Amino acid sequence: PASDDGKKKGESKDPDYSKKEKELIFSNWTLYIDVDDKDENKRPTLDRFQKESGIKVKYNEDVNDNVEFFGKIRPQLEAGQSTGRDIICFSDFMAGRLIRHGWAQRLDPKNMPNVVTNMEPRFRNAAHDPGRQYTVPWAGLATVVAYNKKATKGRKVTSVEQLLTDESLKGKAAMLTEMQDTVGMTLLDMGKDCTKFTEDEFDAAVARIQKAVDNKQLRRFTGNDYVEELDKGDIAACLAWAGDVVQMQFENPDIEFVIPQKGYLYATDDLLVPAKARHKANAEALMDFYYDPKNAAELAAWVNYICPVAGAKEELAKIDKELAADPLIIPDEKMIKAGRVFMELDDDAETTYEDKFSKVIGA
Amino acid sequence: MSAEQAAGVTLTGISKTFGDFTAVQPMDLSIPQGSFFALLGASGCGKTTTLRMIAGLEQPTAGRVMLGDRDVTSLPPHRRPVNTVFQSYALFPHLSVQDNVAFGLRRRGKKQVHKEVEDVLELVELGPLARRKPAQLSGGQQQRVALARAIVNRPEVLLLDEPLGALDLKLRRQMQLELKRIQTEVGITFVHVTHDQEEAMTMADTIAVMNHGRVEQLGAPAELYESPGSAFVANFLGQSNLIAAEISAAEGDELVLRAGDTKLTLPRDRMRATSAASGTKVLAGIRPEKIAIRSRSDEAAVPEGHNRLTGTIKDASFTGVSTQYVVASPWCPELAVFAQNVESAAGLTPGAEVVLHWNPAHTFGLDGDQDADAGTGEDAL
Amino acid sequence: MSAEQAAGVTLTGISKTFGDFTAVQPMDLSIPQGSFFALLGASGCGKTTTLRMIAGLEQPTAGRVMLGDRDVTSLPPHRRPVNTVFQSYALFPHLSVQDNVAFGLRRRGKKQVHKEVEDVLELVELGPLARRKPAQLSGGQQQRVALARAIVNRPEVLLLDEPLGALDLKLRRQMQLELKRIQTEVGITFVHVTHDQEEAMTMADTIAVMNHGRVEQLGAPAELYESPGSAFVANFLGQSNLIAAEISAAEGDELVLRAGDTKLTLPRDRMRATSAASGTKVLAGIRPEKIAIRSRSDEAAVPEGHNRLTGTIKDASFTGVSTQYVVASPWCPELAVFAQNVESAAGLTPGAEVVLHWNPAHTFGLDGDQDADAGTGEDAL
Amino acid sequence: MTALAPPPPAAPEADAPPPPPPGGRRKLTPYWLLLPAILWLLVFFAVPMFFQASTSVQSGSSGEGYELTWHWANYTDAMSEYAEHFGRSIMYAAAATLLCLVIGYPLAYMIAFRAGRWRNVLLVMVIAPFFTSFLIRTLAWKHILSDGGPLVGALDALHLLDVTATLGMTEDDRLLATPLAVICGLTYNFLPFMILPLYSSLERINPALHEAAQDLYAKPATVFRKVTFPLSLPGVVAGTLLTFIPASGDYINAKLLGSPGEQMIGNAIQRQFLNVRDYPTAAAMSFLLMAAILIIVTVYIRRAGTEELV
Amino acid sequence: MRVLTFVRRNLVVIAGTLALGYLLLPNLVVLLYSFNKPVSRYNNTWQEFSTEAWSDPCGAPGICDSVGLSLQIGLLSTLAATALGTLAAFALARHRFRGRAGVNSLIFLPMAMPEVVMAASLGTLFLNMRIEFGFTTILIAHIMFCLSFVVVAVKARLAGMDPKLEEAARDLYAGPLQAFVRVTLPLALPGIAAGAMLSFALSLDDVIITQFNSGPSTITFPMFVWGASLKGVPVQVNVIGSAMFFIAVLLVMAGQLLGNGRARRKS
Ligand SMILES: Nc1ncnc2c1ncn2[C@@H]1O[C@H](COP(=O)(O)OP(=O)(O)OP(=O)(O)O)[C@@H](O)[C@H]1O
Ligand SMILES: Nc1ncnc2c1ncn2[C@@H]1O[C@H](COP(=O)(O)OP(=O)(O)OP(=O)(O)O)[C@@H](O)[C@H]1O
Ligand SMILES: [Mg+2]
Ligand SMILES: [Mg+2]
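Residue numbers (the working numbering), protein chains in the order written: chain A, 1 to 363; chain B, 364 to 744; chain C, 745 to 1125; chain D, 1126 to 1435; chain E, 1436 to 1702.
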């Protein structure tokens, strides 16, 4: 409801200089945009956007970690200063936190016809941003179980349970340092609803993970770096993000993934315009550009994460049939149904849970 | 030091105190212009401190420093026309020999220094080594660079703080001659600090003997040597035999002393003790080389009127040029005697009974209250 | 060195080569047991290297080292009954004086060392300083600790590598006496390296003079001094006047030499040149202290049969004990003459015409092919 | 005595030149020289410590912000919750320091006494790895220690891994994600900090002392034990401190080479600060670590008897 | 038997060489893999020899910017730390003054402090002061922790320097400033250079303090590697790491040779 939004603390109309300044500063995760096969410094879709719109994009791959990055820009946000960025790509829970603090600018649908028409319906509403007033999904993330066939000596790994208890995986299983993913998947495995859980349930899940840690079942908690170790076989099985798995499969036939019976965790990485950003309209232009199915398909073909744009499947098929059929990129019905979103947490709950989780991962 | 000579350096009531330790007692000192002046003294007696006050590297606690007629007491070192040759040379290791030598000239704004540097290096015979770094030179060569670096500035006074201390004996003797030659050639006032008495005597026109922060005696080398004013000077400048005695009578120009059961004669004008009254305790001094030594059997040949002592040779050591005897006589356990080796002296071996004798004119008399061992080096340990 | 004495150290055909530089030429050397043996030579002549081969700190390139009857050539240093007093003392800075001294004893497994350490510290007169660290000692005291640390082990041979080099003159003379006393007391073979010839002469029973890696001459100090075998020895051990001459005739026990227009006589048995035929070039040597100097006006007093030369005094320098003259004579530009200062010599000032004369028995003859300046120190610069 | 009677005590006379200005410009010189550095350290080292001290007794949440409430419980909480981390940090750092000493000593010794004209080249080799980023090198270790790698294979074949496994240093025939890997990583990272001070104190030893010891019947081993080592103690003390202190606060090695069971206090501080954003806890842990190190270092220096560290 | 004696004689050299090997092994691996041509994003198995990455070291997006930033920060912080540290070292080595002990420990303390502690406390300061994390904050932090190392290096050099040399300069008509510029400074230079080199190395290498105090868009080379390590390290990282290693070694060795050569020519 629009009346509410005005009251969100700290929100005010920030002046937009898009008309005068045809430029845009974009902070994204590393390796999260298509690059030219021959020249890694060229980014085809982005280059095309710049050419078509006449907006010069300064593209930074400086997001490695939601919380860490948020910590770095937080002082400016709190002080009501510009973060020096017009678009930031945050995971949904972090985007939610910015919205709650009033540190994200409300987007104008009028500037984004493609978004309005092409966004997959299931993305149109989200717990952290009801009605998608502030954010636009860049990609969908599915947290699944992946394993290296060679390292498990052919054994299949099909569940989180197996990661936590299977003797044959002792010292070779890994989970993620992201609390949402690891605890969420464990909760699902325990038959709990990760979209709505109690603190006791959370504690039980953490205790379960702790036991695996104590048994030396779990080798490490990783960020994105599980990829390298899974590829090498130092990690035999782990929680993984779908997009990574797809990419790994190109290169390593031993990599397999499984969508656990009990469900998987599902999230989005969202683009948002932080408070005091100078070029909101330019940002909206870029978001709109990437919601053109053709552009979206091109992006998805490279990053291999779930594409939130309707109609991209057909475009993708033109590029690569196999990819278009991969449920990890364009999910099928079954896949969509098995996905769960982690519960929306307020700041205090998040601190409490993060703190508990920190102890499990050893830090 | 005669009054008609122009003074090169005059120190007036100068003293230096570090905390509550007085390194240099208030003293006056006047160094004639163009002379070779030596400051001699044991380690720690304040020689370096005195020199540093002249150079301006140390501010005197009291007193004034004059160069010629100019009071320079409050001038910083770089404004004084004085240069120093340091004991450890203090050559700049990062500069070549010629740059070391040119340093002072350049600081005074000279642009064309080549000629002067070349000349002075010629003077110290280092021309061919001008481009070397100090580390590539031998000790003697470094010493000469240090000297060249100082004299090239034609200072009014050149201060030398034990410049030869680090050299070995042979080299040292040679550098002494060299230094003397250069001083004669350039005519600058040299103030030379050393604790090698032979060095001081061969080189200097005037010697000041320092002890515990004060000048004990000052004079020409031969004067100091022949008539030392105190036990310290007598022992420190060369070796002396100091025999404890008592004045027993005065006969005309001579004093008669009694040491044990021996009678010694001493010219009255060579008596330095304040009182010459009978019964006064004195030290009767005689230099080892002044004493003739002969076998007891040969006693008859002792000239009439000579002071004589009898004793036993405790030790005889051959040093090449001379033989040094240590003779024990009843009231003087260790008398040193030097005999130049001309003809080999038969029978003068340890254990031999001998008679020592000397011309009384060579005897000198000192105040008997002093420590007869002052300045022998025993106290330095 | 008489053959009947037991050999303390015997070096047989020993030599040492560093890369392509030969530091010690093959040489034989036998050091009598219980003697005070001095190795004398200019800097770099191989003294230290020889000593280190005896200590086992350097492996000889060829030859053998025997201690008594035992071949120790291949024994490592810690297995040889030999100790060294190093030039820089090499005291262990982290250990107290007594622990330094006890070091060797403890390494040989002695538990009760207290008594021995105490005794040896008594010997070197350092008892009260036993608990100090080396840094808290003066140079002379450190030197004595180094000595005590070595002799407490009662080694068969004690090696001393310029142990007094770092001390100042006065202290050095005193330590020489001390060392000599201690050697006499403990009776150990001392092999003492020095380049101070006076030190070697006063202390040693036997001296070996080394030059460029070989022993030039070996003998008792007086023997070496009075009859040097080469120009190097003559100049290095004391000072010598070497006059280029030619044998003109042989008369009985004497050779008659001609130098310019002067006739000099030389005892045949003091002629070291291989040939004594007429016309042979020789260097006629005479020590400065053997020469008497008198005024030309006084010429009549020259004893009959003395060698005599006439000349002009170029320089006279007073050193206290003696006066050193430099006399120019037509065919010998710089003759040194030492005259002990007994009675002051009137008229012997620079410029004076003098006659020099000496007993021909003191003349020595050397091979005329040598550089007359060898060993004077001029070549060391 | 000569006639040089001492003049009356040195009271400056009217015409005497003025004594040098007491305390003038020269006395102030050191303060001017120090001013910039000290100011810098005060503002960016001492003041932050003060801020952290105040932060460590704040309470609140990352969402609502923290305020100073003298919440001392932060310390007790940190102490009780992270006791294991503290213990592990100290132990790993100590083990790494010991290893550094054992590995670094021969190298420092070799450079000081046996390297001849290679000395400077070797010294550069010791520092040069710094120029290849620490992270790259640690990642390279990950590579070298990899489960399927040749090193694990070789050690396994020699049954060395069984030995370390019984000691609890490794797990399941692997090196990565074990205490051993973390300790080796720490050792590797801080080795230059051990070698440099060791070298500089060894280099100062007069080689004649070695010869003197041999001459006094000491076997080579005894020479080392009785002379070389005691004389290098200042270097040992400086080296162990420069290794132990940073190692105890490191988190990179534990993060990259360790498993959850090997995380150190640095990891906890880093996560509390950068991820959980619980600044008070992070600050309290920092102070506890500082205190622990201060105590250990003080005791150690007392025992080692060396005041002169640098 | 002979082998045994050889081993015994050269035990130290063998152990030292092994230690050196341990120290350089990772560099060797880094170098080796800089010539790899990985088929995937992950440069962790040997594929085939290629100099591709060497011919295009900036091939990975952002890498050269980060190297540039690192060099910039390294140079600036070295410059500042060396200047401040040298001044302080002079004060400590050449003057006795009140409060010397306190100053000494303030300077020593940063070395006696784990990096996280410093990093966190400095981070706290910046947060409290609402100072934007970025270039300035990194620079400030680097200068702070390099400072102590410079002071120690320069102080050691000055302590070994004969104070007589300065007196000699003053005696030779050099005023205080000239004595400093002409004599003291050139002689202290090796110490200053050592301090500078160490601080440059430490700055280039630093992860921990940088991580706590860098801004979102100031990615130093180590921070770039940190980010890349999560996603797959490009070969170019190995190239740049190896290149920096070799450049450092070569520069120092060239300086060495130059010095030797000059000395030899002079003699
Ligand atoms: N800066 C100083 N602070 C305190 N005491 C000093 C200082 N400089 C010299 N002294 C003391 O003053 C005394 C005289 O020192 P000085 O250097 O003048 O002696 P010296 O005669 O040159 O001795 P040496 O022959 O050993 O060089 C010594 O006892 C010395 O310890
Ligand atoms: N380890 C070495 N390597 C190469 N040359 C050496 C070595 N040790 C000594 N030398 C050379 O051997 C020669 C003899 O050296 P040694 O130390 O024995 O001389 P020395 O007579 O003791 O001289 P000094 O009186 O200066 O001590 C010298 O020229 C020296 O340079
Ligand atoms: Mg002095
Ligand atoms: Mg020698």
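Every residue gets a Cβ at the ideal spot worked out from N, C-alpha and C, and that includes glycine.
Nothing here was measured: the structure is a model prediction, and the numbers come from that model.
At a cut-off of 7 Å between beta-carbon atoms, D:Leu1280 makes no contact with chain E.
Here the alpha carbons of E:Gly1569 and E:Ser1649 stand approximately 5 Å from one another. For ligand 4, no non-hydrogen atom lies closer than 6 Å to the CB of C:Thr794. Taking C-alpha positions only, D:Ala1282 is separated from A:Ile235 by approximately 22 Å. When secondary structure is reduced to three states using DSSP, E:Lys1666 falls in the helix class.
In the DSSP assignment, C:Gln961 forms a beta bridge with C:Val953. Residue nearest to B:Thr625 within the set B:Val596, B:Ser692 and B:Glu614 is B:Ser692 (criterion: CA-CA distance). In the three-state DSSP reduction, C:Pro776 falls in the strand class (E or B). Taking every protein chain shown into account, the CB of D:Met1319 has 16 or more other CB atoms within 10 angstroms, so this residue is buried. Across the structure, C:Leu911 and B:Ser603 are spaced so that their CA atoms are roughly 22 Å apart. The stretch 479-494 of chain B makes contact with the stretch 457-466 of chain B; the number of CB pairs closer than 8 Å reaches 3 or more. The closest heavy atom of ligand 1 lies 6 Å or more from the beta carbon of E:His1530. Only residues of its own chain outside the window of five on either side were considered, and among them Lys276 have a CB closer than 6 Å to the CB of A:Ser82, listed in chain order. Linking C:Thr1120 to C:Pro899 through their CA atoms gives a straight-line distance of about 36 Å. For C:Gly812, the distance from the CB to the nearest heavy atom of ligand 2 is not below 6 Å. Between ligand 1 and the CB of C:Gly883, the shortest heavy atom gap is not smaller than 6 Å. Rounded to the nearest whole angstrom, the CA to CA distance from A:Pro75 to E:Leu1560 is 12 Å. Along the stretch 1217-1229 of chain D, none of the residues has a CB nearer than 8 Å to a CB of chain C. Proximity to C:Lys760 across C:Glu906, C:Thr1093 and C:Val768 peaks at C:Val768, based on C-alpha coordinates. The shortest CA-to-CA distance from B:Val705 to any of C:Glu1043, C:Ile1037, C:Leu865 and C:Tyr833 is the one to C:Ile1037.
Non-local beta-carbon contacts of B:Leu392 in its own chain, meaning distances under 7 Å to residues more than five positions away in sequence, involve Leu374, Ala571 and Val578 in chain order. Contact annotation, E:Val1674 with D:Leu1260: C-beta distance approximately 15 Å; criterion of less than 8 Å not satisfied. Shortest gap from the CB of B:Ala498 to any heavy atom of ligand 2: 6 Å or more.
Rounded to the nearest angstrom, the Cβ distance from A:Ser159 to A:Asp181 is 15 Å, too far for a contact under 8 Å. In this structure E:Glu1602 touches B:Ala453 by the C-beta definition: roughly 7 Å separates them, less than 8 Å.
Residue pairing of C:Leu755 in beta bridges, as defined by DSSP: C:Leu773 and C:Val809. B:Pro389 is classed as buried because its beta carbon has at least 16 other beta carbons within 10 Å across all chains shown. Using a 10 angstroms sphere on the CB of B:Ser406, the tally of other CB atoms stays under 16, which defines it as exposed.
Per DSSP, the beta-bridge partners of B:Leu521 are B:Asn446 and B:Phe553. Boundaries of the beta strand (DSSP E) around A:Glu256: Ile255 to Val258.
Close to chain C, meaning a Cβ-Cβ distance shorter than 8 Å, are the following residues of the stretch 554-572 of chain B: His558, Asp559, Gln560, Glu561, Met564 and Thr565. Cβ-Cβ separation between B:Val372 and B:Thr569: approximately 12 Å, too far for a contact (criterion under 8 Å).
For B:Tyr452, the pairing in a beta bridge is given by DSSP as B:Phe449.
Sequence-ordered contacts of the stretch 1339-1373 of chain D with chain C read Gln1339, Asp1340, Leu1341, Tyr1342, Ala1343, Lys1344, Thr1347, Val1352, Pro1355 and Leu1356 [C-beta pairs closer than 7 Å].
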